Structures are given as structure tokens and as C-alpha cells.
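K.L.:
Sharing a structure below in C-alpha cells format, with a few things to ask.
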Amino acid sequence: MNKLSALFELRRMLRQMERDVGLDALSSSELDVFLAAHALTGMPGGSVTSDQIRRHELVRHMAQASYHRALRSLVALGLLEKAEGFKARHYVVRSDLAAN
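And the structure:
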């Protein structure tokens with residue numbers, strides 16, 4: 005299998021996994037912000053700050069407006085929840101998705 009075929013196969017499998025988890029309707033910006041938040045939480049129920057997400061390698065290249073739009077959308081969709089005990093800018097990945 006050449007590199008291009010291998011890349012195609014990996015991309016196909018990734019898309020299938022996104023469908024299986026229910027993330028296939030997200031935009032690429034929303035998906036990157038969500039995956040960065042998940043990577044940074046460390047454990048199910050752990051919180052992450054907006055600044056931590058913003059500095060993650062999946063997100064740091066993103067325009068500021070796109071980042072904030074994606075973050076607001078993820079909260080509206082219920083994929084990220086505002087962390088309890090904080091006034092703002094702390095988020096938790098929805099627990100049923102974080103455990104998978």
C-alpha cells in the first residue's frame with residue numbers, strides 16, 4: 005500500500021469513528037476545539053480553561069473569531085458544559101463522551 009492509499013484509509017476510518025461517536029456533523033473548527041478540550045481534561049469530569057484550549061496545537065492556528073464561534077457552538081450543542089464552581093471560561097467535556 006502506498007502512502008497516499010494508507011492516508012486515504014486512515015481518513016476513511018477516522019470519519020467512520022467520528023460518525024460512530026456522533027461528531028460527524030461538527031465543522032472542522034468545532035471538531036478541533038472539542039478534541040483539544042478532551043485531550044486537555046486529563047480525566048472524565050476534569051475542567052479545562054478557554055486559554056488552555058486556545059493554546060492547544062489543534063487550535064492555536066485558528067482565527068480568534070473562529071475559535072470563539074466554535075466554542076460557543078459546542079456549549080450550545082451540549083458537547084462542552086460550563087464547569088461548576090467557576091464564573092466563566094472553564095469547561096468540561098460532556099461526561100458520556102469523555103468516557104468513550
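Everything in the sequence shown is counted per the numbering used here, starting at 5 for the first residue and increasing by one.
Ideal Cβ positions, reconstructed from N, Cα and C, are used throughout, including at glycine.
As the structure is a computational prediction, the values presented were derived from the model and not from experiment.
#1: For V52, list the residues DSSP reports as bridge partners.
#2: Quick one: Cα of L81 to Cα of L27, how far?
#3: Counting pairs of beta carbons, one from the segment 29 to 43 and one from the segment 53 to 73, are three or more of them closer than 8 Å?
#4: Which residue marks the beginning of the beta strand (DSSP E) containing L84, and which one marks its end?
#5: With contact counted as at least three CB pairs below 8 Å, one residue from each stretch, are the segment 47 to 55 and the segment 90 to 98 in contact?
#6: Buried or exposed for F38, please, with buried defined as at least 16 other CB atoms from any protein chain shown within 10 angstroms of its CB.
#7: When we look at the beta-carbon of V25 and count the other beta-carbons within 10 Å, is it buried (16 or more) or exposed?
#8: Along the chain, where does the alpha helix (DSSP H) that runs through D28 open and close?
#9: So H72 is in the alpha helix (DSSP H); what residue range does that whole segment cover?
P.N.:
Answer, in terms of the structure:
#1: In the DSSP assignment, the residues bridged to V52 are Y95.
#2: Their backbone Cα atoms lie some 11 Å apart in a straight line.
#3: At 8 Å Cβ cutoff, the stretches touch.
#4: Bounds of the beta strand (DSSP E) holding L84 are L84 to K86.
#5: Yes, the segment 47 to 55 touches the segment 90 to 98.
#6: Around the beta carbon of F38, a 10 Å sphere encloses 16 or more other beta carbons of the protein chains shown; the residue is thus reported as buried.
#7: By the neighbour-count rule (16 or more Cβ atoms within 10 Å), V25 is not buried but exposed.
#8: Counting along the chain, no alpha helix (DSSP H) covers D28, and no H or E run does either.
#9: Segment Q68 to L81, the alpha helix (DSSP H) holding H72.
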